[in-house]
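Participant: Would you mind keeping the following structure in view while I ask a few things?
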Amino acid sequence: MGSANVSEPTSVAAEAGQAVRRRTRRTRRTRRIRPCPRRAGRRRVGAAAAAMLALALTTAACGDGSGGASLGSLTVADAGFTESKILADMYGELLTNAGYKVERTSVQSTEIAQSSLESGQIDAMPQYVATYADLLNSQVNGSGAASVSSSDLNASLAGLRRLAKGLGLSVLEPADAVDQNAFAVSRSFAAEHHLTTLTDLGASGLTVKLAAGAECATRPFCQPGLEKTYGIEISEIVETGVATAQTKAAVRDNTAQLGLVLTTDATVNDYNLVVLTDDKKLQNADNLVPIVNTDSLAPEITSALNALAPVLTTADLAELNKRVDAEREKSEEVAHDFLAEKGLLDS
Numbered sequence: 003m004g005s006a007n008v009s010e011p012t013s014v015a016a017e018a019g020q021a022v023r024r025r026t027r028r029t030r031r032t033r034r035i036r037p038c039p040r041r042a043g044r045r046r047v048g049a050a051a052a053a054m055l056a057l058a059l060t061t062a063a064c065g066d067g068s069g070g071a072s073l074g075s076l077t078v079a080d081a082g083f084t085e086s087k088i089l090a091d092m093y094g095e096l097l098t099n100a101g102y103k104v105e106r107t108s109v110q111s112t113e114i115a116q117s118s119l120e121s122g123q124i125d126a127m128p129q130y131v132a133t134y135a136d137l138l139n140s141q142v143n144g145s146g147a148a149s150v151s152s153s154d155l156n157a158s159l160a161g162l163r164r165l166a167k168g169l170g171l172s173v174l175e176p177a178d179a180v181d182q183n184a185f186a187v188s189r190s191f192a193a194e195h196h197l198t199t200l201t202d203l204g205a206s207g208l209t210v211k212l213a214a215g216a217e218c219a220t221r222p223f224c225q226p227g228l229e230k231t232y233g234i235e236i237s238e239i240v241e242t243g244v245a246t247a248q249t250k251a252a253v254r255d256n257t258a259q260l261g262l263v264l265t266t267d268a269t270v271n272d273y274n275l276v277v278l279t280d281d282k283k284l285q286n287a288d289n290l291v292p293i294v295n296t297d298s299l300a301p302e303i304t305s306a307l308n309a310l311a312p313v314l315t316t317a318d319l320a321e322l323n324k325r326v327d328a329e330r331e332k333s334e335e336v337a338h339d340f341l342a343e344k345g346l347l348d349s
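The following block contains the structure:
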């Protein structure tokens with residue numbers, strides 16, 4: 003969701019540091035413009051890292067919505083996939099609206115993105131609370147360190163903030179929107195067996211085939227978790243991938259009775275499927291959250307980005323993803339429309 007993207011949430015297809023989601027990536031053609039002036043006194047990465055960063059970055063936007071003197075220049079990065087691009091475009095527009103000149107870039111390498119956030123080459127980037135907490139924990143305490151994330155958002159956020167502080171990063175307020183694994187059945191199957199939650203499926207005693215990636219058989223948030231937490235009997239993994247069209251079609255056509263999708267997948271309904279509620283909270287708290295280089299942080303940045311937290315829901319994010327991936331709208335236009343609708347931009 004090669005190198006992992008820092009911003010992708012933990013799934014059965016990826017854990018912290020290897021968050022590669024098999025979601026649809028859409029490459030957006032961007033307009034190259036002259037980079038905005040950088041502020042004096044900023045920490046820099048080394049020459050080699052800077053050269054790597056230059057190769058990884060694609061300048062997408064640069065502007066100042068204030069109509070007057072700018073508060074300064076900021077670089078906002080995404081991790082190269084649709085959802086991350088939409089969030090980064092929102093951050094960029096909110097910061098432009100607050101009076102900053104914003105350069106939008108895209109970084110698909112975890113290592114480059116992380117070192118650039120720490121050095122200040124990147125000022126802000128969207129991340130996922132639980133996944134990013136575990137990634138930083140692995141970076142700071144080693145790959146064998148016990149996880150600091152869970153389904154408890156407050157606990158995961160506290161762990162993330164402790165780790166981020168030591169790396170010169172600030173964690174702002176998480177949005178209500180959360181991108182997690184979800185499990186769907188056909189509407190007819192749910193109606194026939196009176197299913198609304200994963201607990202209902204486990205209690206039914208039904209044996210099901212699960213459409214998912216091959217690794218689902220060993221990942222704690224997939225087959226083992228469903229069996230241990232919910233008592234769901236899974237006879238077979240039908241290897242169709244994570245949230246793919248093939249997965250959803252397999253469930254629709256009853257090749258499998260349960261399918262691994264994502265909470266921000268707005269196409270589930272198109273296949274006449276329904277997501278069963280994760281009522282025992284098997285999945286971790288992967289809420290969207292802005293990460294900002296602490297040396298770059300100012301009250302205007304905090305205020306601008308935190309304004310998004312209470313208004314962006316999982317359903318909103320699913321619909322925004324659909325507009326870009328299925329309806330082929332531009333991510334920056336989708337981001338702008340949402341912010342304007344929520345009253346977050348100056349008229």
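Going by our numbering, 57 is the number at position 55 of the sequence shown; the sequence numbering is gapless.
Using N, Cα and C, we set each Cβ at its ideal position, and we do this for glycine too.
Bear in mind that the values here come from a model prediction, so they are computed numbers and not experimental data.
1. For N274, tell me which candidate among L319, V187, K103 has the shortest Cα-Cα distance.
2. Starting from M127, follow its DSSP beta bridges and name the residues at the other end.
3. What did DSSP end up calling D327 once you bin it into helix, strand or coil?
4. Here's the rule I'm using: 16 or more other beta-carbon atoms within 10 Å means buried, otherwise exposed. How should D348 be labelled?
5. Please classify G82: is it buried, with 16 or more other beta-carbons within 10 angstroms of its beta-carbon, or exposed?
6. Which residues does DSSP list as the beta-bridge partners of S172?
7. Would you kindly report the start and end of the unbroken beta strand (DSSP E) that includes S237?
8. Residues in the same chain with beta-carbon distance under 6 Å from K87, minus the five sequence neighbours each way, listed in chain order, please.
9. What separation, rounded to the nearest whole angstrom, lies between the Cα atoms of N183 and T257?
10. Classify P312: buried if its beta carbon has 16 or more other beta carbons within 10 angstroms, exposed otherwise.
11. Would you say E113 touches the ligand FMN, meaning its beta carbon is less than 8 Å from a heavy atom?
12. Output needed for T316: all residues of its chain with C-beta closer than 8 Å, excluding positions within five of it in sequence on either side, in chain order.
13. Using C-beta distances below 6 Å, list every residue in its chain close to L59, excluding the 5 sequence neighbours before and after it, in chain order.
14. Restricting to runs no shorter than 4 residues, where is the alpha helix (DSSP H) found entirely within the stretch 109-166?
15. Name the DSSP bridge partner or partners of G227?
16. In chain order, which continuous runs of the alpha helix (DSSP H) of length 4 or greater are located wholly inside the stretch 75-113?
17. So, do the stretch 124-131 and the stretch 286-304 have three or more beta carbon pairs nearer to each other than 8 Å?
18. If the criterion is Cβ atoms closer than 9 Å, does the pair A309 and L262 meet it?
19. Looking at the structure shown, is T220 part of a helix, part of a strand, or coil, going by DSSP?
20. Which residue from H196, K167, L346, A252 puts its Cα closest to that of V270?
21. Who are the Cβ neighbours of L319 in its own chain at under 6 Å, not counting the five residues just before and after it?
22. Could you tell me the alpha carbon to alpha carbon distance between V336 and R330, rounded to whole angstroms?
23. What is the rounded straight-line gap between the Cα of L73 and the Cα of G94?
24. If you draw a straight line from the C-alpha of T201 to the C-alpha of E302, how long is it?
25. Would you mind working out which of E217, L314, A268 sits nearest A328, comparing C-alpha positions?
26. Comparing alpha-carbon positions, which option in E321, G345, L307, K324 lies nearest D91?
27. Using a Cβ-Cβ distance under 9 Å, would D181 count as near chain C?
28. Along the chain, where does the alpha helix (DSSP H) that runs through N183 open and close?
29. Below 8 Å on the Cβ atoms is my guess for S140 versus A147; work out the distance and round it to an integer in Å.
30. Closer than 8 Å is the cut-off here; do at least three beta carbon pairs connect the stretch 292-301 with the stretch 156-175?
Facilitator: On the basis of the supplied data:
1. Considering only alpha carbons, the answer is V187.
2. According to DSSP, which records beta bridges pairwise, M127 is partnered with I293.
3. Here DSSP, grouped into helix, strand and coil, assigns D327 to helix.
4. With fewer than 16 other Cβ atoms within 10 Å, it is exposed.
5. In summary, G82 is buried, with 16 or more beta-carbon neighbours lying within 10 Å of its beta-carbon over all protein chains present.
6. According to DSSP, which records beta bridges pairwise, S172 is partnered with V294.
7. Looking at the DSSP string, the run of the beta strand (DSSP E) that includes S237 is 235-241.
8. Same-chain partners within the cutoff: D80, S333.
9. Between N183 and T257, the C-alpha separation is close to 20 Å.
10. Exposed is the call here.
11. Absence of the ligand FMN is noted for the structure shown, with no ligands found whatsoever.
12. Within the same chain, T316 has close Cβ partners D178, A179, V180, D181, T265, T266.
13. Interpretation of L59 is limited by its pLDDT of 47, a score under 50 that renders its predicted location unreliable; the figure taken from the coordinates is listed afterwards. Only T107 meet the Cβ criterion.
14. Assignment of alpha helix (DSSP H) within the stretch 109-166, counting only whole runs of 4 or more residues, yields 112-121, 131-143 in chain order.
15. Looking at the DSSP output, G227 shares a beta bridge with no other residue.
16. Correct list: 84-100.
17. Result yes; three or more Cβ-Cβ pairs closer than 8 Å.
18. No, these two residues do not count as a Cβ contact at 9 Å.
19. T220: coil per DSSP, three-state reduction.
20. Nearest to V270 by alpha-carbon distance, out of H196, K167, L346, A252, is A252.
21. Only A179, T266 meet the Cβ criterion.
22. Their backbone Cα atoms lie some 10 Å apart in a straight line.
23. Rounded to whole angstroms, L73 and G94 show a C-alpha spacing of 14 Å.
24. Their Cα atoms are separated by approximately 45 Å.
25. By alpha-carbon distance to A328, the top candidate from E217, L314, A268 is A268.
26. Cα-wise, what sits closest to D91 is L307.
27. Annotation note: the requested chain C is absent from the structure, which comprises a single protein chain.
28. Segment 183-188 is the beta strand (DSSP E) holding N183; no alpha helix (DSSP H) there.
29. Right, the Cβ-Cβ distance comes to about 6 Å (below 8 Å), so this counts as a contact.
30. The stretch 292-301, when compared against the stretch 156-175, does touch it at the 8 Å Cβ threshold.
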